[in-house]
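Trainee:
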Amino acid sequence: MKISYFLAAILYIVLGLVLLIWPDITGSLVCFAFGLVLLVYGVITIISFFVHDSRQGSFRLELFLGIVAAGVGLVFLIRPDIVLSILPVVLGIYIVIDALLNLKRAIDLNRMNYSHWWVVLILSLVSAAFGVLILCRPLFLADVIFMVIGAVLIYTGISDLWGLFKLGRVAKELRKLHPIEVDPIDIE
Numbered sequence: 000m001k002i003s004y005f006l007a008a009i010l011y012i013v014l015g016l017v018l019l020i021w022p023d024i025t026g027s028l029v030c031f032a033f034g035l036v037l038l039v040y041g042v043i044t045i046i047s048f049f050v051h052d053s054r055q056g057s058f059r060l061e062l063f064l065g066i067v068a069a070g071v072g073l074v075f076l077i078r079p080d081i082v083l084s085i086l087p088v089v090l091g092i093y094i095v096i097d098a099l100l101n102l103k104r105a106i107d108l109n110r111m112n113y114s115h116w117w118v119v120l121i122l123s124l125v126s127a128a129f130g131v132l133i134l135c136r137p138l139f140l141a142d143v144i145f146m147v148i149g150a151v152l153i154y155t156g157i158s159d160l161w162g163l164f165k166l167g168r169v170a171k172e173l174r175k176l177h178p179i180e181v182d183p184i185d186i187e
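Position one of the sequence shown corresponds to residue 0 (numbering that gives the first Met the number 0), numbered consecutively onward.
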């Protein structure tokens with residue numbers, strides 16, 4: 000879990016840098032890539048439905064998913080402006096959820112009697128505020144919003160890394176102070 004949180008934080012930073020440096024082409028590129036992947040997946044799934052025995056119930060669901068994926072892929076390709084107006088809302092919700100996870104880490108650090116747990120608390124509250132800001136202003140100028148989202152993702156990634164580092168350090172110190180004794184009989 001620690002590795003996945005670490006990789007997610009690094010991904011936030013990288014994605015944030017891309018959005019901050021190239022906001023104008025990032026939106027179009029994201030729409031094109033996702034649209035193409037969804038369209039290809041949908042077409043393959045629809046073809047698979049007609050090639051396989053369709054009397055089985057799971058293949059009916061496969062046809063439905065294929066049609067939906069192809070339709071959404073076409074929307075991404077044909078109307079990227081609609082997708083780009085929804086994307087900030089989705090990212091804002093995701094950032095708020097991530098901030099709530101950081102809030103949980105702050106609570107865990109407080110329970111472990113870490114004296115600076117409040118720093119993680121403040122970082123999580125600032126991340127939540129940024130997420131709410133993005134949610135409140137989703138139609139803000141397209142380039143600016145992607146730059147703001149990029150900056151927020153960089154901040155979120157760095158604060159996640161800092162919180163993970165502190166949580167790992169405190170847990171290690173607690174293990175040193177309160178080692179767990181293992182009974183040799185239990186090992187066998």
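No residue lacks a Cβ here, since even glycine has one placed at the ideal position from N, Cα and C. Being a predicted model, the structure only gives us computed values, none of them experimental.
1) If the criterion is Cβ atoms closer than 9 Å, does the pair Val95 and Val131 meet it?
2) Apart from the five residues on each side of it in sequence, which residues of its chain come closer than 7 Å, Cβ to Cβ, to Asn112?
3) At the level of alpha carbons, what is the spacing between Ile45 and Lys171?
4) Could you work out which residue in Leu73, Val119, Ser123 is closest to Phe31 when comparing CA atoms only?
5) Leaving out five residues on either side along the sequence, give the residues of the same chain with a beta carbon under 6 Å from the beta carbon of Val71.
6) Give the straight-line distance between the Cα atoms of Trp21 and Val151, rounded to the nearest whole angstrom.
7) For Pro178, report the span of its alpha helix (DSSP H) as first-last.
8) Do you know how far the Cα of Arg110 is from the Cα of Arg177?
9) Cutting at 8 Å between CB atoms, please list the residues of its own chain near Lys1, excluding the five before and the five after it.
10) Could you pull out every residue in the same chain whose Cβ sits closer than 6 Å to the Cβ of Leu160, ignoring the five residues on either side in sequence?
Mentor: According to the structure shown:
1) By the CB criterion at 9 Å, Val95 and Val131 fall inside the cutoff.
2) There are no such residues.
3) When rounded, the distance between both Cα atoms is 52 Å.
4) Ranking the options by Cα distance to Phe31, first place goes to Leu73.
5) In the same chain as Val71, and ignoring 5 residues on each side of it, the C-beta atoms closer than 6 Å to its own belong to Leu37, in chain order.
6) Approximately 15 Å, taken between the alpha carbons.
7) Per DSSP, Pro178 belongs to no alpha helix (DSSP H) and is neither H nor E.
8) This sequence places His at residue 177; Arg is not what is there. Taken atom to atom, the span from the alpha-carbon of His177 to that of Arg110 is near 15 Å.
9) Cβ-Cβ distances below 8 Å link Lys1 to Leu163, Gly167 in the same chain, with the five nearest sequence neighbours on each side left out; the list follows chain order.
10) Excluding positions up to five away in sequence, the list reads Ala8.
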